[in-house]
Amino acid sequence: MTKVSIKNLKGEKVKDITLAKEIWNIEINEESIKKAIRLQLNSLRQGTAKTKTRDEVSGGGRKPWRQKGTGRARHGSIRSPLWRGGGIAHGVVPRDYTFKINRKERVLALKSALANKLLNKQIQVVENFKVKSLKTKEVNEILKDLSLEGKILIIAGEDAENFYLATRNLGNVIVIYPDEINVLDLINSDVVVIDEESLSKIEEALK
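For the sequence shown, the numbering used here begins at 167 and goes up steadily by one.
This is the structure in structure tokens:
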């Protein structure tokens, strides 16, 4: 049974809650994490790189000189890969880099990433991220009160819109909704901060 403390935005402890052991206390599956990250990174690749073959480059199709009697090496076309400006042999062609993993493995990857963060003491839970101000300065004070440094991933509910807007100028802070949680953001962050409502939604979705 794993318990974590819930804090307010001043960094003060409010209460303790028990985390779902079937999510946070599982054996970490690194292979699923790697596969999920590769899936995300591959989906960002355009796959539009293309080189021209000898059939596609410009240039005459006829033989540049006769086969014999000139003393020069024989050639059939100036579009050959041997010529400057000729086609490329075995060049890159457009391709789709995406692949699929089933839902069971996606869930396992997310659970493993969360369990890894908890194991490394990189998870914090707060009551909520409701703030009245849109000032980045005040958000910086909140991050300081919560002792947050490095790359910070914040998972917050829809009531955190002001907090989200106030963090847009902070290059080290990413704010996402619970239904946007993904392995790449989790692994790339130094600390993950989740509000209580979002934590419940994540646990419910992954059970």
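Glycine included, C-beta positions come from ideal geometry on N, C-alpha and C.
Next on the checklist: Going by C-alpha to C-alpha distance, which of Tyr343, Asn306, Val339 and Asn328 sits closest to glycine 177?
Outcome noted: Along the sequence shown, read from residue 1 onward, the residue named residue 177 stands at position 11. The option with the nearest alpha carbon to glycine 177 is Asn306.
Item to check | Same chain, Cβ closer than 6 Å to aspartate 325, neighbours up to 5 away in sequence not counted | outcome: Residue mapping note: residue 325 aligns to position 159 of the sequence shown, counting from 1. Around aspartate 325: Lys296.
Next on the checklist: Can you list, in chain order, the residues of its chain with a C-beta nearer than 6 Å to that of leucine 284? Leave out the 5 residues immediately preceding and following it.
Outcome noted: Here residue 284 refers to the residue found at position 118 when the sequence shown is read from its first residue. Trp190, listed in sequence order.
Checklist entry - Are the Cβ atoms of glutamine 290 and valine 359 separated by less than 8 Å? => result For the purposes of this step, residue 290 is taken as the residue at position 124 of the sequence shown. For the purposes of this step, residue 359 is taken as the residue at position 193 of the sequence shown. Yes, they are a contact pair.
Checklist entry - Between valine 258 and threonine 217, is the Cβ-Cβ spacing less than 8 Å? => result The residue given as residue 258 occupies position 92 in the sequence shown. The residue given as residue 217 occupies position 51 in the sequence shown. Less than 8 Å separates the beta-carbon of valine 258 from that of threonine 217.
Checklist entry - Thinking C-alpha only, which one of Asn354, Asp351, Val349 and Ile321 is nearest leucine 365? => result The residue given as residue 365 occupies position 199 in the sequence shown. Taking only the C-alpha atoms, the option nearest leucine 365 is Ile321.
Checklist entry - If you compare alpha carbons, which of Asp221, Gln288, Asn335 and Ser299 is closest to glutamate 315? => result For the purposes of this step, residue 315 is taken as residue 149 along the sequence shown, with counting starting at 1. The residue from Asp221, Gln288, Asn335 and Ser299 with its alpha-carbon nearest to that of glutamate 315 is Gln288.
Checklist entry - Just checking, does the stretch 246-264 make contact with the stretch 185-202 on the three C-beta pairs under 8 Å criterion? => result Counting Cβ pairs under 8 Å, fewer than three are found: no touch.
Checklist entry - Who are lysine 173's beta bridge partners in DSSP? => result Stepping through the sequence shown from its first residue, residue 173 is reached at position 7. Under DSSP, lysine 173 takes part in a beta bridge, and its partners are Lys179 and Val292.
Checklist entry - At what residue ranges does the stretch 282-368 contain a whole run of the alpha helix (DSSP H), taking only runs of 4 or more? => result Entirely contained in the stretch 282-368, the alpha helix (DSSP H) runs reaching 4 residues are, in chain order, 302-311, 327-332 and 349-354.
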